[in-house]
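Peer 1: Following this note's numbering, the numbering of the sequence shown begins with 966 at its first residue and continues without gaps.
Backbone N, C-alpha and C define an ideal beta-carbon position, used for all residues, glycine too.
There's a structure below that I have some questions on.
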Amino acid sequence: MEVNALVGQLTSRKTECLVVAFGNQGLDSPSLKSLDEATSGLIGRLVKKGDIKQTDGNFLLLSEPPGLAAERLLIVTTGKDNLNEQAFLNLVAGLSGQLTKLPIKSACVSLEGIEVSGRDDAWQAQQLARLLGEAAYLFNPFKSAEKKPSTLKKVSLVLPYRKGLEAVKTSLVCGTAIANGINHARELGDLPGNICTPSYLASQARALAGKHPNLSCKVLTEKQMQTLGMGSLLSVTAGTEQPAKLIVLEYKGGKSGDKPVVLVGKGVTFDSGGISLKPGAGMDEMKYDMCGAASVLGTLTAAAESQLALNVVGIIPTVENMPGGRATKPGDIVTSMSGQTIEILNTDAEGRLILCDALTYAGRFKPAAVVDIATLTGACVTALGSHASGLLSNDDELAGQLEAAGTTSGDRVWRLPLWTEYDKQLKSNFADMANIGGREAGTITAACFLSRFTKNYRWAHLDIAGTAWNSGANKGATGRPVPLLMQFLMEQVGK
Ligand code: BES
Ligand code: MN
Ligand code: ZN
């Protein structure tokens, strides 16, 4: 989808659909006033009749509106107050959903009259481009009767004045790149485990690197991981026929000497639990256990497409977690690349076992900061549900930057503590640590485990178990936290 910006009048705009906002100023906003006059008072009459209600998220579609050059008029109403970020995003997501369902190829959107406290036109434009791109996502490679993709190809954001036009245009390019990154992550997440294997993720990473000259890809084999001493990662892949991979993507958008931000994504392409087998109900959803990896690939897609001026490294440890004759057993002890030994008390706590070796490997890049992203614990779903990802960090400044990026992008996080009292729960009688910390505070003890491998750099962990996909009737990957990560990276430029 192409989203551009132009300056012009609404009443004379020839378009298949003109979208206008009935914002908190109501009919007093200049754009609404001009539309009301051109339609001989139609807007005012619709308000009187009650067809335009000043409550959040109401849509009214009028065909062949009299007095306008547009073929359709879609009126979006907000409440009487200024919106916050989340309310704006919900509204624009709704608007995007409506637009992509209409039988039209192009549309014009005016957001005049929508105020979001503390956010400018460029911010609004970025979110519009992002949400329009997301709304056009369609996954149906396996349906015999194909669903029809949206016909909408081009949307113009109409501004009333030239001021800020260049910034808005730049934001639209970023927003579209972010949407493409999100949709790439969703597609990988939605693919089933028999197709999206570790080898498939590696081929996707290579293909991505092939498209962008400043993105390179290297894939380590099990043999190479053996040589590096990644005994913890390799213990997870012992029960499967699928070969494990360690994918390393390097994006060079910054100066050559600048330290990179390293993103590490959990890529368990199917998590059966291994010998500590999961119950059968809902086990299909464990195909989403590679959504951390998908978010790294999605973020690098967006970074490369928007030519982000920053060095970013993506590291993806990817395996399938299966039971089998050679599978790791509860009680087995392995040695990680860091030299620390781990007693595996539960083979279903496998994410941390692959991440710890990838995090040790991340140290090689002398990172400015490392952020790992993982569908790590069911406990995080219990604690935060699907609205916020869990955030745990050894650095207050980094944590603050991620929290702020979460608010800006609407892809929110909530921080949990990493106190030593929790870390003590990982005590093992036989090795340096156990891979589980008991029933209590499962999200925190999982992060405490990872923190033992991240002492040498600024690090943050995002537990996306509750945010990476929707369950139920709308089952599907969300592409989170690509919006958060891209916002965070964009704010790192120049730091
Ligand atoms: N991939 C799961 C976490 C998960 C569970 C994500 C449910 C989304 C929904 C992870 O590998 C896992 O199995 N974690 C265990 C850890 C436990 C054994 C300490 C869990 O959360 O139950
Ligand atoms: Mn598991
Ligand atoms: Zn898992």
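Between which two residues does the alpha helix (DSSP H) carrying Gly-1062 extend?
Peer 2: 1050 to 1066
Peer 1: On the DSSP bridge assignment, give the partners of Arg-1037 in chain order.
Peer 2: Ser-1028
Peer 1: I need the residues with a C-beta less than 5 Å from some heavy atom of the ligand ZN; please give them in chain order.
Peer 2: Val-1233, Asp-1236, Asp-1254 and Gly-1316
Peer 1: So, are the CB atoms of Asn-1276 and Lys-1217 less than 8 Å apart?
Peer 2: yes
Peer 1: Can you tell me which residues form a DSSP beta bridge with Trp-1384?
Peer 2: Its beta-bridge partners do not exist; DSSP assigns none.
Peer 1: Looking only at its chain, what residues have a beta carbon closer than 6 Å to the beta carbon of Gln-1089, apart from the 5 residues adjacent to it on each side?
Peer 2: Leu-1076
Peer 1: Taking 7 Å as the cut-off, is the C-beta of Ala-1292 nearer than that to any heavy atom in the ligand MN?
Peer 2: no
Peer 1: Between the C-alpha atoms of Gly-1222 and Asn-1394, what's the straight-line distance to the nearest angstrom?
Peer 2: 45 Å
Peer 1: Could you check whether Gly-1365 and Leu-1381 sit closer than 8 Å to each other, using their CB atoms as the reference points?
Peer 2: no
Peer 1: Can you name, in chain order, every residue of its own chain whose Cβ lies under 7 Å from the Cβ of Cys-1345, other than the five neighbours on each side?
Peer 2: Counting only Cβ-Cβ distances below 7 Å, and skipping sequence neighbours, we find Gly-1355, Thr-1408, Asp-1428, Ala-1430 and Gly-1431.
Peer 1: What number of angstroms, rounded off, separates the C-alpha of Phe-1235 from the C-alpha of Glu-1029?
Peer 2: One C-alpha to the other measures close to 51 Å.
Peer 1: Could you work out which residue in Asp-1021, Ala-1442 and Leu-1007 is closest to Phe-1104 when comparing CA atoms only?
Peer 2: Ala-1442
Peer 1: At a cut of 8 Å, does the region 1329 to 1338 reach the region 1235 to 1255 through at least three beta carbon pairs?
Peer 2: no
Peer 1: First and last residue of the alpha helix (DSSP H) that includes Asn-1148?
Peer 2: 1130 to 1155
Peer 1: Going by DSSP, name the residue or residues bridged to Glu-1368.
Peer 2: Glu-1368 is not bridged to any residue.
Peer 1: In terms of alpha-carbon separation, which member of Leu-1064, Asn-1023, Arg-1404 and Gln-1019 lies closest to Ala-1046?
Peer 2: Checking the sequence shown, residue 1046 turns out to be Asp, not Ala. When each option's Cα is compared against that of Asp-1046, the closest is Gln-1019.
Peer 1: Return the chain-ordered list of same chain residues with a C-beta closer than 8 Å to the C-beta of Leu-1054, the five sequence neighbours on each side being excluded.
Peer 2: Gln-1092, Leu-1096 and Gly-1375
Peer 1: Does any heavy atom of the ligand BES sit closer than 7 Å to the C-beta of Gln-1401?
Peer 2: For the record, residue 1401 in the displayed sequence is Ile; it is not Gln. Correct: Ile-1401 has its Cβ closer than 7 Å to the ligand BES.
Peer 1: Should Trp-1424 be labelled buried (16 or more other beta-carbon atoms within 10 Å of its own) or exposed?
Peer 2: By the 10 Å Cβ count, Trp-1424 comes out buried.
Peer 1: Compare the C-beta of Leu-1137 with all C-beta atoms of chain B and state if any pair is closer than 8 Å.
Peer 2: No chain B appears in this structure, which consists of one protein chain only.
Peer 1: For the region 1233 to 1266, which segments carrying the alpha helix (DSSP H) assignment without a break, of at least 4 residues, lie completely within its bounds, in sequence order?
Peer 2: none
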